[in-house]
Structures are given as C-alpha cells and as structure tokens.
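Those protein sequence lines, which keep their order, are chains A and B. Going by UniProt numbering, the residue at position 34 of the first sequence is 34; the numbering climbs one at a time, nothing skipped. Going by UniProt numbering, the residue at position 350 of the second sequence is 350; the numbering climbs one at a time, nothing skipped. Contents: one structure, followed by commentary.
There are 2 protein chains.
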Amino acid sequence: MKQLNVDLGDRSYPIYIGDGIIEQIGSYFAKHQISSRSPIMVITDDNVASLHLKKVTTHLLESGYKVVEYIVPAGEMSKSLSVLEQIIGKALDAGLDRTSTIIALGGGVVGDLAGFVAASFMRGVKFVQIPTTILAHDSSVGGKVAVNHPKAKNIIGAFHQPQIVLYDTSTLKTLPEREIKAGLSEMIKHGLIWDAEFSKWIDENAEKLLSLDAEALEYGLYNGCKIKSHVVSEDEREHGLRAILNFGHTIGHALEAVAHYNQLLHGEAIAIGMVGAAKLSVRLGYPERIYTETKAAMKKYGLPIQIPGHLDIDEIMKAMLHDKKFKEGKVVFTILKDIGEAHIQSGISIDLIREIVEELRWEE
Amino acid sequence: MKQLNVDLGDRSYPIYIGDGIIEQIGSYFAKHQISSRSPIMVITDDNVASLHLKKVTTHLLESGYKVVEYIVPAGEMSKSLSVLEQIIGKALDAGLDRTSTIIALGGGVVGDLAGFVAASFMRGVKFVQIPTTILAHDSSVGGKVAVNHPKAKNIIGAFHQPQIVLYDTSTLKTLPEREIKAGLSEMIKHGLIWDAEFSKWIDENAEKLLSLDAEALEYGLYNGCKIKSHVVSEDEREHGLRAILNFGHTIGHALEAVAHYNQLLHGEAIAIGMVGAAKLSVRLGYPERIYTETKAAMKKYGLPIQIPGHLDIDEIMKAMLHDKKFKEGKVVFTILKDIGEAHIQSGISIDLIREIVEELRWEE
Ligand SMILES: NC(=O)c1ccc[n+]([C@@H]2O[C@H](COP(=O)([O-])OP(=O)(O)OC[C@H]3O[C@@H](n4cnc5c(N)ncnc54)[C@H](O)[C@@H]3O)[C@@H](O)[C@H]2O)c1
Ligand SMILES: NC(=O)c1ccc[n+]([C@@H]2O[C@H](COP(=O)([O-])OP(=O)(O)OC[C@H]3O[C@@H](n4cnc5c(N)ncnc54)[C@H](O)[C@@H]3O)[C@@H](O)[C@H]2O)c1
Ligand SMILES: [Zn+2]
Ligand SMILES: [Zn+2]
Numbered sequence: 001m002k003q004l005n006v007d008l009g010d011r012s013y014p015i016y017i018g019d020g021i022i023e024q025i026g027s028y029f030a031k032h033q034i035s036s037r038s039p040i041m042v043i044t045d046d047n048v049a050s051l052h053l054k055k056v057t058t059h060l061l062e063s064g065y066k067v068v069e070y071i072v073p074a075g076e077m078s079k080s081l082s083v084l085e086q087i088i089g090k091a092l093d094a095g096l097d098r099t100s101t102i103i104a105l106g107g108g109v110v111g112d113l114a115g116f117v118a119a120s121f122m123r124g125v126k127f128v129q130i131p132t133t134i135l136a137h138d139s140s141v142g143g144k145v146a147v148n149h150p151k152a153k154n155i156i157g158a159f160h161q162p163q164i165v166l167y168d169t170s171t172l173k174t175l176p177e178r179e180i181k182a183g184l185s186e187m188i189k190h191g192l193i194w195d196a197e198f199s200k201w202i203d204e205n206a207e208k209l210l211s212l213d214a215e216a217l218e219y220g221l222y223n224g225c226k227i228k229s230h231v232v233s234e235d236e237r238e239h240g241l242r243a244i245l246n247f248g249h250t251i252g253h254a255l256e257a258v259a260h261y262n263q264l265l266h267g268e269a270i271a272i273g274m275v276g277a278a279k280l281s282v283r284l285g286y287p288e289r290i291y292t293e294t295k296a297a298m299k300k301y302g303l304p305i306q307i308p309g310h311l312d313i314d315e316i317m318k319a320m321l322h323d324k325k326f327k328e329g330k331v332v333f334t335i336l337k338d339i340g341e342a343h344i345q346s347g348i349s350i351d352l353i354r355e356i357v358e359e360l361r362w363e364e
Numbered sequence: 001m002k003q004l005n006v007d008l009g010d011r012s013y014p015i016y017i018g019d020g021i022i023e024q025i026g027s028y029f030a031k032h033q034i035s036s037r038s039p040i041m042v043i044t045d046d047n048v049a050s051l052h053l054k055k056v057t058t059h060l061l062e063s064g065y066k067v068v069e070y071i072v073p074a075g076e077m078s079k080s081l082s083v084l085e086q087i088i089g090k091a092l093d094a095g096l097d098r099t100s101t102i103i104a105l106g107g108g109v110v111g112d113l114a115g116f117v118a119a120s121f122m123r124g125v126k127f128v129q130i131p132t133t134i135l136a137h138d139s140s141v142g143g144k145v146a147v148n149h150p151k152a153k154n155i156i157g158a159f160h161q162p163q164i165v166l167y168d169t170s171t172l173k174t175l176p177e178r179e180i181k182a183g184l185s186e187m188i189k190h191g192l193i194w195d196a197e198f199s200k201w202i203d204e205n206a207e208k209l210l211s212l213d214a215e216a217l218e219y220g221l222y223n224g225c226k227i228k229s230h231v232v233s234e235d236e237r238e239h240g241l242r243a244i245l246n247f248g249h250t251i252g253h254a255l256e257a258v259a260h261y262n263q264l265l266h267g268e269a270i271a272i273g274m275v276g277a278a279k280l281s282v283r284l285g286y287p288e289r290i291y292t293e294t295k296a297a298m299k300k301y302g303l304p305i306q307i308p309g310h311l312d313i314d315e316i317m318k319a320m321l322h323d324k325k326f327k328e329g330k331v332v333f334t335i336l337k338d339i340g341e342a343h344i345q346s347g348i349s350i351d352l353i354r355e356i357v358e359e360l361r362w363e364e
C-alpha cells in the first residue's frame, strides 16, 4: 500500500493506493472525518455498480454509515445538469445535509459528475473519490469537476478537492482491455511531461502494466498521481504551469469532438495528440528522440497514433480553433523540450499545426 | 458616494454606493481589471431590462466592451438549472471565455443566478454585481450564489465573490413600494443583530428611507452592507457567526414555503419571523424591549407582523423542521440578547417554538 499527499494548504488530502483498500473503507473514513451522523451517498454507473458497489456499500453499512446509492447510466451522457438535478432530488429525499459526504465510485465520468454534485449541493459538501479506472489516476487528482453542456464538454463545473482518494487496484481487474490501454495513455503522458526516469520505467514495464501486475500498477499509479498532484499543488487554478498537463490534449480534444465522443476513447485521442505534439516539438528545434520515443511508447501500449481516415481535417482544425487554449488567433501549445520536460509555447502558426495534423493522417 | 471594502483575503472586493454610479461604469471596470479583450455578459430580468439595461449597455459599449445581454423572466422561477444551461449556451455562442466577466443587473434573483453562472462557467469567471433592489444590499454581499431545485430553494450553488459591487441608488427610484418595504426589512435586521445605534437611526429615518431620500438611502445601504460584510469576513463559509444573519429567517423561510413563494415577499416573511424570534428572545429571559422595539420597527415600515390566517400552523411547523438549521431534532435559533446583539442558541424545545408561531397568528 502506498500513500501520497496532495499539498494544497487547508485543502490538502491523501491518496491511498493499494490492493484491497475497500475492505478497510470504514477505518479510512473514520480517520478522515467522514461523519456518520447524516446519510452519505455513493454515486456510480451501472457497469461499476454490478461489479463493485455491493462490496463498498456492505463495508460502509458495517461501519455504521447510512448509505444512499445512486446509479447513473455508464458513459459521458451522464455528465449533464439534468442528471445532477435528479441526484440532488434523491439526496434531498434521503435527508442528506451539509454534513453529508458524496462518494464517487467509478471512472472519470462518475468522478467529475459526483464531484460537481458535492461542489454545488448546499454550496459544497465533503467528497471522496474511489477511482475504478486507470484513467482516473489522472481525473481523481486536482479537484477539477464538471458536467457537460450540449455545446461543449466540461464547461460547467468547479474546483472541489476531495477529502480522500481511495484507489483500490483490485477493482481494475474487471476493466475491459481497451479501457486499460486508454488509461495507461495518461500515465505515459505524466512520464513524458515530467520525469524521464519514470518514462523509462513505463517503457520497460509495459507487459506488467498491461497485464495489471499488482506491484507494477501500484508503482505506476503512485507515480502518475504524484506528478499530477505536484503540478496541481503549484498551480491549483490553472494560471500557468498546470497547462503542461494538456500535453497531447489540444489535438486530442479536437479528435474526440469530431468523432462525436463515441469512436475514440479519451486516452486514445490524446495518444494521437501526443504524437502530434511530439512532432511539433521536433519541428520547433527540440531533439528528434522526443518524437521517436513518444511514438514508440504509444505503439508498445497498443495505442493509436494515426488520425482515423474518416475524420475530416478541416473539421479537426475548426474544433481546435474553438478550443479555449487558443487566444486572439494566436496558438498556444504544450510541447516537450525533451523527454520529461514540458514547455508551454505561444505564437505557433496555425499553418504549422495543420501540416502536422495532415501528417498524422498517414502516421505509422 | 461611499466606498466599503469586503475583507476576504485574496477574494476581497469593494462596494461603491451612490447616485449615478452607472454613468462611470467604464472607469470602475477598468480600475478593477475587468478585461475588454473577451465579450462580457450582462444578465438581467425583463422588468429591470426595460428600465435600466440600455443605460448600462450604452456606457459599456462606449468604454470599449463587447456586451452580450441575457434577459430572464422576472421572478424566482428563473433561478433554475435549465435557465443556467440556456445562459451558458448563449455565452458559448457569443464567444465568452475564461477571461470574460458576468454582470448581474437586478435584484437578488438575478444576483444569485448570474453569480452561479459566473461560479460554474468554465469552473469560474469574474463576476460583478449591479444591485437594483434594496434587498440586494443583503444578497449582493457575501458571495452566496445559487439556483433552486424543484424540491428546495437555493440548494444548488457556490460561494463566489464578486470583483466589485456597483450600487447605483438612482436605479431604486423605479422600485414598486412593496419591494421598497420588503428590502428595508433586511436593513432593519442588520441593525437589530449588530448595531443598536444604527437601529435607532433606522427608527428615526423611516420617512426618509421609505421615500428614497438619496442621502438617507446611501447611509442606510452603506451601513447594512457594512454589517453584512463584517459578519461574512469573519465567517465566509457559515461555520458559526454567519448564522446570526438568519435572524427571523427560520420562521420566515417556513412561511415563504407554505405560502408557495408567491404570496409573501422574502422581506415580508422575515418581518413576521423577526417578531417571532424577538418574542422567543424575551421568553428565554432577555429584555422585553427586544420584542416591543422589533415589532414597532416592522409597523413603522409598513411590514407585516401577523401570520396570514390561511396558512396552516402544522404545515409551517413541518416546513421549519425540514429546514437545515434543525439538527438531530434539536432546534437551533438565532435570537437577540438585546437590540444590536444577536446570539445563536441551541437546544430550544419545539413546543415553545410552536407556541410562538401560534401567537404570531394573532399578533397585532
Ligand atoms: N477531472 C479531471 O481532471 C479529468 C481528467 C481527465 C479526464 N476526465 C474525465 O474523465 C472521463 C473519462 O474517464 P474514464 O476513462 O475513467 O471514463 P468512464 O468513467 O466512462 O469509465 C470508462 C468505462 O469503464 C467502465 N468501468 C469503470 N470502472 C470499471 C471497472 N473497474 N471495471 C469494469 N468497467 C469499469 C465504465 O462504466 C465506463 O464504461 C471523461 O468524462 C473526462 O472528461 C476528467
Ligand atoms: N445570496 C444571498 O445572500 C441572498 C440573500 C437574501 C436573498 N437572496 C435571494 O434574493 C432573492 C430576492 O431578492 P429581491 O427581493 O431583490 O428579488 P428580485 O430580484 O426578484 O426583485 C424583486 C422584483 O423587483 C423587480 N426589480 C428589481 N429591480 C428593480 C428596479 N430598480 N425597479 C423596478 N423593479 C425592479 C424585479 O424584476 C422583481 O420583480 C431571492 O431569490 C433570495 O433567495 C439571496
Ligand atoms: Zn486527459
Ligand atoms: Zn434574507
């Protein structure tokens, strides 16, 4: 079992990572001042509910908590204001109040949704994350919570830090293979932007990580969370440094949007985006190995590197120019100066970006 | 013109109160870092739009701002998630981004709604309040913003402090008489809970305030805001002291709910509630004058002191017991130890409260 502290002044919190943590959920809750006086609510999706909810609820009931369950349909569509309103209706009916805690049991979708419920219900109640995907090592750290607007993703939200994150690696065993790879894509990103040594370790341990070897997972998730939390501690509200976490995301988000959020997983889209951003880095004069190693990592982990043929380049460029990271027609991009060293570069020409996007169509 | 500072560390902000402030809106905005690079949005209701929007927009355009207007129907129904979603849709279409500012032009309804838009749009953008009701001297200070859930008022929200509050007393001249009185009810409250001298001044200046004498209004609003901001500075997130602002509100909220939020204005409901809380204070052993003076103030200002005959006492008690200020069957109540000195008392018997509510039915 590994423990990590996210350092945010009076909003600091610990992340526990290890096999079987849910069995001890009662003592973690007691230790971190989760009150059992008022009911608590566990929000999850229907996939995760059938696999892991019973275990969580049983342990909580045994520890004296009054537990209210709320199950949303799996998938991005549940990150909506109307689902939020329904959840809050149930919370009111069940007697939740200002001393209640909201628990997210699931991946990034459930984490973002439940987090915004916790941020806005009675203007903010306590929040606990129990991530069940590998991608959630990213989404459960940093306090960004949100729902989607029909016109844009993650556009209605808050910064709301959890009280604790309980990362039970045993829940990951039920993940579909495609979700495993897509989750590891963010772990690769964390190595690339911050820690060359960790990048090397990820390269050497692909087989172990892909087969969910308990020890490798614990180490990899710990380091991924550590890098994310380090960046977030320095810049909680994304005034500067935090933007390096967007490595691969400018192109990635555009791909997701043009593919209507139902053909590419987030981790897959950013894998292609990272290859693009690595290409750009080299084109801007940084070492060739940035590109070769980034691409090699994606291939080793079975992640896509090529923009699917049916996605229109004009559409992708249009989606990218709508992205909030583009200011006054000037293009800001997170690139690498080397493996393990990210950099936010402004004033990049849109023509150069377009060239790279066109090349990604034929990447292999 | 009077200026006041709300002291909240790095979230501190100034309130400007005076006649004709809107004419200088451009320079206030410039002075307080409201960027003109991205469009800004003015949210108001249809009553206020027809009376005061043109003036605001014109001055902003003249000062070089790109202005997007959003007009909601007047009334509590507009404080909803679906209105919020529509506003954010328009904001996206109009190209608002993270550097944009949301402006509330109106009373507490518009302030609460626009404030929650500002708190949640892109996880938080800048916010300016331009209050146009007397009641808003209360609602525009303190950073509580929210929309309603069909099952409960103000239950989905945030703490989001404005960048500046511009209180132009000239806008108040168009207020209906009933709204003037209801707004002054909160001013009376601020005197009663905090400042015996201000209470006395309010008593002596009823005629001036009710006729919107410019100088008296400026002084009264300034002091009301000052008291509220003082309490809020000490306890931004309502862990303790801030609860004294609830004086009159426990009974008041129950009356509003049982009257379906369409028969009693908020200020009217809390006027009755304050008489009840003053009665309770005396019953608990504090000086008789608390009751006589509170009641005299309400009468002088033409505010109601009696529970309307058609409201059912059982319903009122039920609504009150649902109120979040009641914990574990124990009743917590904000009372007065004397004029100008509020106190939060716990462990009050529900029977005593019921007796007082029954008496309020016959109060005269
Ligand atoms: N807040 C942040 O900082 C942040 C960062 C990155 C991504 N995100 C958000 O995260 C979301 C994506 O997260 P995700 O990839 O975890 O998606 P997800 O929550 O949709 O989970 C992916 C799929 O795996 C299923 N699943 C989850 N746990 C499982 C388990 N243990 N066994 C079997 N199936 C399981 C889910 O039901 C779902 O079908 C997006 O909405 C994205 O916007 C947020
Ligand atoms: N956030 C807080 O701390 C806080 C505190 C108290 C009350 N509130 C909220 O405030 C709301 C009540 O505020 P309110 O009384 O200002 O209500 P309001 O905003 O509905 O305004 C009352 C009426 O006056 C009209 N109006 C506003 N300005 C006018 C003007 N200058 N001339 C003519 N008509 C005008 C409005 O259109 C409306 O019909 C409630 O929703 C309550 O929950 C919030
Ligand atoms: Zn991501
Ligand atoms: Zn009030």
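Glycine included, every Cβ here is placed at the ideal spot set by N, Cα and C. Being a predicted model, the structure only gives us computed values, none of them experimental.
For residue 159 of chain A, the nearest CB of chain B lies under 8 Å from its own CB, placing it at the interface with that chain. Closest in C-alpha terms to residue 94 of chain B, from the list B/124, B/39, B/56 and B/53, comes B/39. Contact between the stretch 238–256 of chain B and the stretch 265–272 of chain B is present, with at least three C-beta pairs closer than 8 Å. Closer than 7 Å to some heavy atom of ligand 2: that describes the Cβ of residue 133 of chain B.
Burial check for residue 274 of chain B: the Cβ neighbour count within 10 Å reaches 16 or more, so the residue is buried. In this structure, the CA atom of residue 51 of chain B is about 10 Å from the CA atom of residue 132 of chain B. Within the same chain, 122 and 125 come within 7 Å of residue 98 of chain A by CB-CB distance, once the 5 residues on both sides are set aside. Using a Cβ-Cβ cut-off of 7 Å, residue 85 of chain B is close to 81 and 149 of chain A, given in chain order. Only exposed fits residue 347 of chain A, as fewer than 16 other CB atoms lie within 10 angstroms of its CB. Excluding sequence positions up to five before and after residue 243 of chain A, its CB lies within less than 7 Å of the CB of 334 and 344, all in the same chain and listed in chain order. Cβ proximity to chain A below 9 Å picks out 144 and 145 from the stretch 134–145 of chain B. Residue pairing of residue 127 of chain A in beta bridges, as defined by DSSP: A/102. Cβ neighbours of residue 241 of chain A within its own chain (closer than 7 Å, five residues either side excluded): 231, 234 and 235. Below 8 Å, too few C-beta pairs join the stretch 144–151 of chain A and the stretch 176–191 of chain A to call them touching: fewer than three. Rounded to whole angstroms, residue 249 of chain A and residue 279 of chain A show a C-alpha spacing of 14 Å. Restricted to the UniProt domain "3-dehydroquinate synthase N-terminal" (70–181) of chain A, the alpha helix (DSSP H) segments that are unbroken, complete and at least 4 residues in length are 81–93, 108–120 and 136–139, listed in chain order. For residue 316 of chain A, no beta strand (DSSP E) run applies; the uninterrupted alpha helix (DSSP H) run containing it begins and ends at 313–322, by DSSP. Residues of chain B whose Cβ lies closer than 8 Å to the Cβ of residue 156 of chain A are, in chain order, 84, 85, 88, 120 and 121. Taking a beta-carbon distance threshold of 8 Å, residue 92 of chain A counts as an interface residue toward chain B. Around the beta-carbon of residue 194 of chain B, 16 or more other beta-carbon atoms lie within 10 Å, marking it buried. Annotation for residue 342 of chain B: the continuous beta strand (DSSP E) segment containing it runs 341–348. Taking 8 Å as the threshold, the shortest C-beta distance from residue 152 of chain B to chain A falls below it. Per DSSP, residue 28 of chain B lies in no beta strand (DSSP E); the unbroken alpha helix (DSSP H) holding it starts and ends at 25–31.
Any Cβ of chain B closer than 8 Å to the Cβ of residue 124 of chain A would place that residue at the interface, and such an atom is present.
Assignment of residue 198 of chain A by DSSP, reduced to helix, strand and coil, places it in the helix class.
In its chain, beyond the 5 residues on either side, 170 have a beta carbon closer than 6 Å to the beta carbon of residue 20 of chain B. The Cβ atoms of residue 339 of chain B and residue 288 of chain B lie no closer than 8 Å to each other. Of all alpha-carbon atoms in A/86, A/215, A/29 and A/224, the one lying nearest the alpha-carbon of residue 197 of chain A is that of A/224. Excluding the 5 residues flanking it on each side, residue 282 of chain B has same chain C-beta neighbours closer than 8 Å at 288, 290 and 291, in chain order. Judged by DSSP in its simplified three-state form, residue 241 of chain A adopts helix. Residue range 13–18 is occupied by the beta strand (DSSP E) that includes residue 18 of chain B. For residue 1 of chain A, the closest C-alpha among the options A/342, A/228 and A/222 is that of A/222. Apart from sequence neighbours up to five positions away, the residues of its chain that approach residue 81 of chain A with a beta-carbon distance below 7 Å are 147 and 156, ordered along the chain.
Taking the CA atoms as reference points, residue 72 of chain B sits about 46 Å from residue 25 of chain A.
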